[in-house]
Each structure stands twice: as C-alpha cells, then as structure tokens.
Ligand code: SF4
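Residue numbers (my numbering): 1 to 389.
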C-alpha cells in the first residue's frame with residue numbers, strides 16, 4: 001500500500017495492519033491538527049477495507065420511559081424535574097400502543113431509554129413503580145421489553161449503570177444494550193466540570209458496566225461525547241479504554257461519537273458547539289485505533305454535513321425513527337430515511353438496515369431471539385430490504 005503524504009511512521013503503521021500505541025495516536029493527533037488530510041485518508045482506507053461501501057442504520061421507535069434522573073450532567077436537557085410536563089413514566093398500555101404502531105411502520109428496534117435510577121431520588125417514580133408492582137425502573141424495563149418483543153420488535157435498552165443481575169435479566173429480551181462511556185477522564189467529574197453532579201458518569205463505574213456486559217456476553221453499544229471540555233488526549237485515552245475492554249471480552253459492537261451541542265436550558269448553554277474539524281479528527285482517530293469497529297455518528301446532530309463523515313471513517317448512522325423524536329436531542333429531528341439513503345448514495349455508499357445487534361455479534365444473542373430475528377433477516381444478518389423499505 002502506498003505511503004501517505006504525511007510523514008508519519010505511526011500512520012503508515014496503521015495502514016500496514018499494525019496496531020498503534022497511545023503515544024502513536026497522540027503524535028498523529030498533534031501532526032494532524034494542521035494537516036488532517038492524511039489522517040482522514042487513512043481512516044477512509046481502513047473504513048472501506050473493513051466495511052466495504054456499506055453504511056447501516058437501525059429503524060427504531062424511541063420508548064422514552066422516564067425523564068427523571070438521579071444525576072445531573074451539565075449538558076443534559078433530557079432530565080426533567082417532577083414539576084415539568086415530561087415527568088410521567090410511560091405506562092404499559094403506551095408501550096403496547098407504540099410497539100404496535102412501530103411494527104406497522106416496519107420498525108425493527110425498540111429503544112428503551114430512562115434517566116439514571118429515578119426511584120432513588122424521586123418519590124414520584126418510586127411510588128409509580130410500587131403501585132404498578134415493580135421494585136425498580138430496571139424491573140419495569142424487563143416487562144416493557146417483553147411487550148415490545150411480543151409485538152415483533154427487538155429491544156435495546158439504555159438505562160445508565162445497570163447492575164450485573166439487572167443486565168442478566170434484560171439479556172433474555174434485549175438483543176443488545178448500551179451505555180455511553182462519555183469520557184474516561186476523572187477530571188470531568190471534578191468541581192465545575194460536566195459530570196461533577198453525576199456519580200453514574202464516573203468513568204470507573206461506566207467501565208465496570210461495560211466489563212459486566214462482557215462477562216455476561218452482551219453486545220454493547222458505547223460511545224463518547226465529544227466537545228464537553230475534554231482534551232484531545234483524554235478522548236484518545238477513552239478510545240483506548242474501550243479498545244481494552246473489547247480486546248478482553250469481544251463484546252463492544254459499536255462506538256457512537258456524539259458531538260456536543262449546547263442546550264438552552266442547561267448549565268452549558270453558552271459552551272460552544274464542537275468544531276466540525278476537531279470532531280472529524282476524533283472520528284478518524286477512532287477508526288485508526290480500532291480499525292474493525294462499527295463507528296456511528298448521529299446524522300441529526302450534523303444535519304448539513306453528516307454524509308461527509310463517511311469519508312473520515314464512520315459506517316453507521318445509528319437509530320433513526322420514522323415515528324418518534326430524539327428525546328435526548330429534541331431540537332434536532334432525524335432526517336427522513338430516504339434522504340439519508342440518497343445522501344449516502346451520493347457519497348458512494350449503500351444504505352442497509354441492521355438489527356440493534358450488528359451481524360458479527362449474532363453469536364452473543366440468545367437462540368430464541370435469533371429465531372425471532374430470522375423472520376426478517378437476510379443472508380448477511382441484516383434486515384431484509386423488502387421489510388424495512
Ligand atoms: S445525561 Fe443521563 S445521567 Fe446525565 S442527567 Fe441526563 S439523563 Fe441523567
């Protein structure tokens with residue numbers, strides 16, 4: 001393979017199929033700050049080598065179970081207080097109704113999202129759960145997942161730091177689960193930093209969840225929030241922390257890279273949005289640090305330029321819903337699937353729908369769930385085109 005214009009031994013090492021060290025990655029970042037094109041080119045080569053010309057997405061319905069959250073992250077607009085209108089717990093009947101509607105629209109994924117253990121802080125949540133016969137939000141999620149599964153959807157739960165036994169229970173109905181690492185830096189939990197009031201975002205706690213999922217054989221989606229006051233080196237450390245877990249358990253199916261966008265009602269409302277070039281460098285670095293990984297950026301957070309990320313290393317657009325809003329980023333609606341498809345094609349890529357579990361992680365999934373997926377899966381373990389289109 002031809003050597004790149006950039007005189008970087010480390011970058012050429014990647015293209016020769018060798019692993020790079022953290023120091024190599026730091027060096028590549030430093031050199032690329034002024035001349036990123038060689039880094040982008042290397043990321044694209046590795047992306048195409050590992051994922052050909054395919055780009056995937058998951059056709060989903062977003063089940064927003066409860067916005068109450070025990071923690072407070074300075075950038076979050078999802079969390080609500082009991083006096084706000086978005087307080088109430090999504091009832092079982094609403095879960096059933098949305099599941100039926102989602103199935104009618106040929107959605108595949110049921111994404112279940114909650115705040116972090118709301119019942120530990122709010123009597124409203126605790127009482128609601130108790131009166132409905134549940135001890136915890138996690139226990140309720142098991143039932144919600146059963147409902148969605150019985151209606152023909154495939155659950156994926158992201159409910160913060162679940163315990164090992166909670167994850168074990170959810171594994172029976174969930175084909176994969178997710179928890180964002182956000183960043184591995186302890187510094188971001190210090191005073192005046194975004195995770196200071198969010199103990200669940202302590203990197204040790206998050207890494208433990210990913211490790212537990214590894215022990216349980218659960219395909220995990222994780223990711224980083226880019227542009228919240230971290231240094232580029234802390235991001236590189238975070239990518240290596242995810243890589244370490246994946247090397248140990250082989251269960252990290254995907255890394256989401258999310259660019260920070262300030263929300264008007266949050267403590268970080270005046271913090272600048274993540275610069276696009278910096279974000280692209282982080283995407284490209286992730287690709288060269290873990291070349292085979294599935295790397296996702298949400299298209300709604302870069303509405304005018306998302307297709308350009310295909311040339312710096314991504315191979316997935318994440319969950320896109322034709323029905324429900326992005327409750328985590330409510331001001332950014334998802335583009336229509338046909339628009340994503342057209343833009344992907346214009347950039348030279350073929351859009352395919354995947355399950356909430358990526359094809360190469362099917363061997364982690366319970367046989368009963370695999371059996372259910374077989375009704376709509378194609379020969380590549382993706383969703384049949386005639387089903388989702
Ligand atoms: S980002 Fe998650 S943990 Fe942090 S406040 Fe929002 S809902 Fe809670």
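Yeah, the Cβ is synthetic: ideal placement off N, Cα and C, and Gly gets one too.
- For residue 62, the uninterrupted beta strand (DSSP E) segment begins and ends at 54 to 66.
- Counting the other Cβ atoms within 10 Å of the Cβ of residue 246 gives 16 or more, which makes it buried.
- The stretch 203 to 213 and the stretch 259 to 269 do not touch, with fewer than three beta-carbon pairs separated by less than 8 Å.
- Judged by the Cβ position, residue 72 qualifies as a neighbour of the ligand SF4 at the 8 Å threshold, a heavy atom of the ligand being closer than this.
- DSSP lists 178 and 254 as the bridge partner or partners of residue 221.
- In the three-state DSSP reduction, residue 154 falls in the strand class (E or B).
- Distances between the C-beta of residue 185 and the heavy atoms of the ligand SF4 are all 8 Å or more.
- In this structure residue 304 is exposed. Its beta-carbon is surrounded by fewer than 16 other beta-carbon atoms within 10 angstroms.
- C-alpha of residue 249 to C-alpha of residue 83: approximately 43 Å in a straight line.
- DSSP places residue 388 in the helix class (H, G or I) of the three-state scheme.
- Annotated three-state conformation of residue 353 is strand, per DSSP.
- Within 8 Å of the C-beta of residue 327 there is not a single heavy atom belonging to the ligand SF4.
- Collapsing the DSSP output to three states places residue 286 in a helix.
- Three or more beta-carbon pairs separated by less than 8 Å link the stretch 112 to 125 to the stretch 56 to 70, which places the two stretches in contact.
- Here residue 173 has 145, 146, 149 and 155 as same chain residues with Cβ atoms under 6 Å from its own Cβ, once five neighbours each way along the sequence are excluded.
- For residue 178, the Cβ stays outside the 8 Å cut-off from all heavy atoms of the ligand SF4.
- Look at residue 302: its beta carbon is at least 8 Å from all of the heavy atoms in the ligand SF4.
- With a threshold of 16 other beta carbon atoms within 10 Å, residue 38 meets it and is buried.
- If you check the CB distance, residue 153 and residue 94 do not come in under 9 Å.
- Contact annotation: residue 299 and residue 313 have beta-carbon atoms that are not nearer than 9 Å.
- In the structure shown, residue 40 falls within a helical segment according to DSSP collapsed to helix, strand and coil.
- Taking C-alpha positions only, residue 334 is separated from residue 205 by approximately 31 Å.
- Not one heavy atom of the ligand SF4 falls within 8 Å of the beta-carbon of residue 223.
- Taken in chain order, the complete alpha helix (DSSP H) segments of 4 residues or longer contained in the stretch 90 to 148 are 92 to 104 and 123 to 131.
- Remark: fewer than three beta-carbon pairs, one from each stretch, lie closer than 8 Å, so the stretch 322 to 331 and the stretch 345 to 354 are not flagged as touching.
- Distance from the C-beta of residue 229 to the nearest heavy atom of the ligand SF4 is not below 8 Å.
- Between the stretch 280 to 290 and the stretch 219 to 239, the count of Cβ pairs shorter than 8 Å is three or higher; the stretches touch.
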